[in-house]
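Student: Here it is: the structure, laid out below.
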Amino acid sequence: MIRQRILVVGAGFAGATYARNLAEAGHSVTVLDKREHVGGNAYDFVDRSGTRIHRYGPHLFHTNNEEVVRWLGRWGDWVRYDHRVQALLPSGLTAPLPINRRTLEIVFGVELPDAEAAQALLARVSDRIEHPAHAADYLNSQIGKELTNLFFRPYTKKMWALDLEELDAGVVKRLPLRFDDEDRYFPDDRFQLMPRHGYTAIFERIFDHPNIEVELGRAFSRGVERDYDAAFLSVPIDEYYSECFGPLPYRSIRFEHVTKAKQPGMSWTVTNYTDSSRWTRETAWHLLPHHDNGLTSGPHTREEPCDYKDNDFERYYPVRTSDGRFQKIYEQYAKLAEETPQITFIGRCGLYQYLDMHQVINQSLLGVRRWLAKYG
Ligand code: UDP
């Protein structure tokens, strides 16, 4: 084997997965990140009150992929955590989200004795739409206009600055629909886990390898990759190519922290706002496992979505409109990237995909395996 000098840009899950696997295969890996910490957007820390918080919003690991779980298990202990969310309604009541039997009872003020009754109610209120063209069609066909307008319309406008008619249906399909009393946010995932000692500790262990050198606080500029045999770049692909086919937009999030008294018996961690205020949701950190400070009050964090240009170019969510116009632009960049096989774009910003953590890790495990089979 020829030991290659490899550059990885970005110390989040994509970069970490590539770096570790390339290092274990015997290559010499340099990791750059413009931030002063590892972990990308999954970075967490213990604040002054003694509570663990995630600087870039709550990261809740869930998957059905055993290989990803096994790989993550190498870097620390993970504990079971079933995530629950409630939506705050205009009446001041809260209701489980994703929508389930109980949600329907609360919203419509009726008694639904079982899942069949819930399903029958939804069949009555929903529209028949054979080929949903966008998120609004999809939701109307599943839950009808009233529930769509209550749970999804204002939230989506705040989150994406788009109407549901402009948003790709795939974005709202992330939320399942239940007719029974299942109230977990990820009911279909076998593994729902949180790192016992936080995400940052997991990343520190991943990068702890003699073949890996991590340079934090070092922004990447185009050209640096020429000093290496190969480069894996978790950087915005449009920026790398000087936006020659046009910019790829992102939504970003601004956070506001407030200290609140802990509400005894609260059974959900995140509250979603159905109103048209600036906020989409609020996280009560102490309700995540091993996050609590043990005191009677603790920090809550509210999220205010915005354009990435209004938040220091912090890119969080690639935008998927129903006409797929940004994905078409991305395809042009991806085609251009094929001309330089020594460079691989990785992660959310490199691939311009709205990916969960388990998807990023899975893609990266497969990607690094393919690369090693070919070159390494
Ligand atoms: N969504 C909504 N209301 C909610 C929750 C979600 O309208 O209370 C829509 C919104 O468009 C959001 C999408 O569903 O962007 C996906 O939600 P999810 O909770 O999966 O978003 P994430 O956790 O990735 O921010």
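Using the numbering used here, read the sequence shown as starting at 95 and increasing by one per residue. Virtual Cβ for every residue (Gly too), placed ideally from N, Cα, C. Just so we're clear, the structure is a prediction, and the values are computed from it rather than from any experiment.
(1) Once the 5 residues before and after residue 400 are set aside, which same chain residues still bring their CB inside 8 Å of it?
(2) Buried or exposed, going by whether 16 or more other CB atoms sit within 10 Å of the CB of residue 135?
(3) Helix or strand or just coil, what does DSSP make of residue 180?
(4) Rounded to whole angstroms, what is the Cα-Cα separation between residue 226 and residue 299?
(5) Under 8 Å: do the region 383-393 and the region 232-240 share three or more Cβ pairs, one atom per stretch?
(6) Could you give the first and the last residue of the continuous beta strand (DSSP E) run that contains residue 138?
(7) By the three-class DSSP mapping on this structure, what secondary structure does residue 132 have?
(8) Does the Cβ-Cβ distance between residue 176 and residue 98 come in under 9 Å?
(9) Can you list the alpha helix (DSSP H) stretches of 4 or more residues lying completely in the region 239-276, in chain order?
(10) Heavy atom of the ligand UDP less than 8 Å from the Cβ of residue 368, yes or no?
(11) Given the structure, does residue 266 come close to the ligand UDP, in the sense that its CB is under 8 Å from one of the ligand's heavy atoms?
(12) For residue 288, name the three-state secondary structure that DSSP assigns.
(13) Given 8 Å as the limit, is there contact between the region 260-276 and the region 164-178, that is, 3 or more CB pairs closer than that?
(14) Does the Cβ of residue 254 lie closer than 8 Å to at least one heavy atom of the ligand UDP?
(15) Is there contact between the region 192-200 and the region 247-259, where contact requires at least three CB pairs shorter than 8 Å?
(16) Regarding residue 469 and the ligand UDP, is the C-beta to nearest heavy atom distance less than 8 Å?
(17) Tell me the rounded alpha-carbon separation between residue 473 and residue 192.
(18) Run through the region 156-225 for me and flag every whole alpha helix (DSSP H) of 4 or more residues, listed as ranges in chain order.
(19) Please classify residue 96 as buried or exposed, where buried requires at least 16 other C-beta atoms within 10 Å of its C-beta.
(20) Count the other CB atoms within 10 Å of the CB of residue 435; is the residue buried (16 or more) or exposed (fewer)?
(21) Could you pull the start and end residues of the alpha helix (DSSP H) that residue 462 belongs to?
(22) Out of curiosity, what's the CA-to-CA distance linking residue 124 and residue 457?
(23) Could you have a look at residue 356 and say whether DSSP puts it in helix, strand or coil?
(24) Can you tell me the Cα-Cα spacing of residue 241 and residue 449, whole angstroms?
(25) So residue 378 packs on residue 368, CB below 8 Å; how close in whole Å?
(26) Where do the N-terminal and C-terminal ends of the alpha helix (DSSP H) with residue 124 fall, by residue?
(27) My guess is that residue 101 and residue 318 are in contact by the Cβ rule of under 8 Å, so how many angstroms apart are they, rounded?
(28) Rounded to a whole number of angstroms, what is the C-alpha to C-alpha distance between residue 113 and residue 301?
(29) Could you pull the start and end residues of the beta strand (DSSP E) that residue 342 belongs to?
(30) So, using beta-carbon positions, are residue 108 and residue 246 closer together than 9 Å?
(31) For residue 351, which three-state DSSP category applies?
(32) In the DSSP output, which residue or residues are listed as bridge partners for residue 227?
(33) Starting from the C-beta of residue 372, find all residues in its chain whose C-beta is less than 6 Å away, skip the five residues before and the five after it, and write them out in chain order.
(34) Terminal residues of the continuous alpha helix (DSSP H) containing residue 116?
(35) Using three-state DSSP, classify residue 315 as helix, strand or coil.
Tutor: With the structure as the only source:
(1) 345, 346, 347 and 348
(2) buried
(3) strand
(4) 45 Å
(5) no
(6) 138-140
(7) coil
(8) no
(9) 247-254 and 263-266
(10) yes
(11) yes
(12) strand
(13) no
(14) yes
(15) no
(16) no
(17) Any question about residue 473 goes unanswered here, given that the chain covers just 95 to 470.
(18) 160-167, 195-202 and 209-219
(19) exposed
(20) exposed
(21) 451-469
(22) 20 Å
(23) coil
(24) 26 Å
(25) With 8 Å as the limit, residue 378 and residue 368 do not qualify as a contact, their Cβ atoms being about 18 Å apart.
(26) No alpha helix (DSSP H) holds residue 124; the beta strand (DSSP E) holding it covers 122-127.
(27) 7 Å
(28) 7 Å
(29) Residue 342 -> no beta strand (DSSP E), and no H or E assigned at all.
(30) no
(31) strand
(32) Answer is none; residue 227 lacks a bridge partner.
(33) 398
(34) 107-118
(35) coil
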